[in-house]
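K.L.:
Whatever position you read off the sequence shown (first residue = 1), add 294 for my numbering.
A virtual CB, placed ideally from N, CA and C, is assigned to each residue, including glycine.
Values in this document were obtained by computation on a predicted structure and should not be read as measured data.
What follows is a structure written as structure tokens; I'll ask about it next.
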Amino acid sequence: MDIRKVISWLFNHLESLVVLFSIVGGGVLIAISWLSSIPLYQLVLVILFSVLGVLVLVFLILNQYRQFRTGRQKKIAELNDKDMERTIRDWLDKPAFTFKREASTDCLFRFVVTDRQGRPVTITRYKAEPSTVLLTTAITLSNEHRKKHDTLNEHQKRVVSCNLRIEMERYGIGQQGIDNELKRAVLSDLVLLDNSLNEFYLHQRIFFVTGAFALYSTVVERELMFVDEQDNSREDSQT
295 MDIRKVISWL FNHLESLVVL FSIVGGGVLI AISWLSSIPL YQLVLVILFS VLGVLVLVFL
355 ILNQYRQFRT GRQKKIAELN DKDMERTIRD WLDKPAFTFK REASTDCLFR FVVTDRQGRP
415 VTITRYKAEP STVLLTTAIT LSNEHRKKHD TLNEHQKRVV SCNLRIEMER YGIGQQGIDN
475 ELKRAVLSDL VLLDNSLNEF YLHQRIFFVT GAFALYSTVV ERELMFVDEQ DNSREDSQT
């Protein structure tokens, strides 16, 4: 039996248990009062005040216990490697994401989360850089965009990749592989593993990276549309 789970269940249901015991106790007291001819209204008042007093005491105890646990709880940067991995895993294993763990010999841990739009983000803590977590997403062109991109000349490809890099710089995301061929681009964001890191901030950075993924795809589509418009304008001027 897991004692921690039992204790956690008791604390989570303590209020209900108190009410239940109070009702049972009240019934016992009512029975006693009937047998001993104590006025019922007096007993009811005693029961009400007793229940109220017990509830107030329970709330005070729970509040002190939470403050005690909060005071003793270690910050993320103070955890050992195993506990840190478990904590971040718990932060990531949420309904908003599809979650999985990947094994890697050069990493302390690596998780992959995918949002509801199918945009994946890899969260990696490398052994060589244990004080940081790297968030990355890899992007390849869709079949439709790849076919169109392959028809471009070298100058047009340079324009597309240059504009892509400019937009990623404006967004503030790290980037690799945005060259003329656009075979596989990697967008990245670095998060420090200091005591300010929490679940909300990590989720915020994940959404930042998925936002960059969406922006990249939109910019590619826009640039290819510009090429189409230029080609159409050139053809119209020649006719």
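Since residue 440 contacts residue 418 with CB under 8 Å, what's their CB separation in whole angstroms?
P.N.:
27 Å between Cβ atoms; not a contact.
K.L.:
Return helix, strand or coil for residue 411, following the three-state DSSP convention.
P.N.:
Coil at residue 411, not helix or strand.
K.L.:
Specify, as a first and last residue, the run of the alpha helix (DSSP H) that residue 444 falls within.
P.N.:
Run containing residue 444: 437-444, per the alpha helix (DSSP H) assignment.
K.L.:
For residue 472 versus residue 458, is the C-beta spacing smaller than 7 Å?
P.N.:
Contact flag set, yes.
K.L.:
Quick one: using the 10 Å Cβ neighbour count with 16 as the cut-off for buried, is residue 479 buried or exposed?
P.N.:
Classification for residue 479: buried.
K.L.:
So, helix, strand or coil for residue 422, using DSSP?
P.N.:
Of the three classes helix, strand and coil, the one that applies to residue 422 here is coil, per DSSP.
K.L.:
By a C-beta neighbour count over all protein chains shown, 10 Å radius and 16 as the cutoff for buried, is residue 475 buried or exposed?
P.N.:
Classification of residue 475: exposed, given that the 10 Å Cβ count is below 16.
K.L.:
Exposed or buried, residue 435, counting other C-beta atoms within 10 Å across all chains shown (16 or more means buried)?
P.N.:
Buried is the call here.
K.L.:
How about residue 391 and residue 407: do their beta carbons lie closer than 7 Å?
P.N.:
Contact: yes.
K.L.:
Please work out which residues of its chain come closer than 6 Å, Cβ to Cβ, to residue 371, disregarding the five sequence neighbours upstream and downstream, and give them in chain order.
P.N.:
Hits under 6 Å: 487, 488, 489.
K.L.:
With 16 as the cutoff for other CB atoms within 10 Å, does residue 413 come out buried or exposed?
P.N.:
Buried, because 16 or more other Cβ atoms sit within 10 Å of the Cβ of residue 413.
K.L.:
Would you tell me roughly how many angstroms separate the C-alpha atoms of residue 396 and residue 402, rounded to the nearest one?
P.N.:
If you take the alpha carbons of residue 396 and residue 402, they lie about 11 Å apart.
K.L.:
Distance check for residue 409 and residue 448, CA to CA, integer angstroms please.
P.N.:
Roughly 35 Å between the two C-alpha positions.
K.L.:
Straight-line CA distance for residue 381 to residue 388?
P.N.:
The alpha-carbon atoms of residue 381 and residue 388 are separated by roughly 13 Å.
K.L.:
Using DSSP bridges, identify the partner residues of residue 406.
P.N.:
Per DSSP, 394, 416.
K.L.:
Within 10 angstroms of its Cβ, does residue 353 collect 16 or more other Cβ (buried), or is it exposed?
P.N.:
Burial call: exposed.
K.L.:
Is the Cβ-Cβ distance between residue 465 and residue 432 less than 7 Å?
P.N.:
Cβ distance not < 7 Å, so residue 465 and residue 432 don't count as in contact.
K.L.:
How many whole angstroms separate the CB atoms of residue 503 and residue 483, which I take to be in contact at a CB cut-off of 8 Å?
P.N.:
That pair is a contact at about 5 Å.
K.L.:
Residue 366 by DSSP, collapsed to three states: which one?
P.N.:
With a pLDDT of only 49 at residue 366, under 50, the local geometry of the prediction cannot be trusted, and the value read off the model is given with reservation. Helix at residue 366.
K.L.:
Exposed or buried, what is residue 462 when buried is set at 16 or more other beta-carbons lying within 10 Å of its beta-carbon?
P.N.:
Flag for residue 462 reads buried.
K.L.:
With DSSP collapsed to three states, give me the class of residue 490.
P.N.:
In this structure, residue 490 counts as coil in the three-state DSSP scheme.
K.L.:
Short check: CB of residue 426 to CB of residue 416, under 7 Å?
P.N.:
Contact: no.
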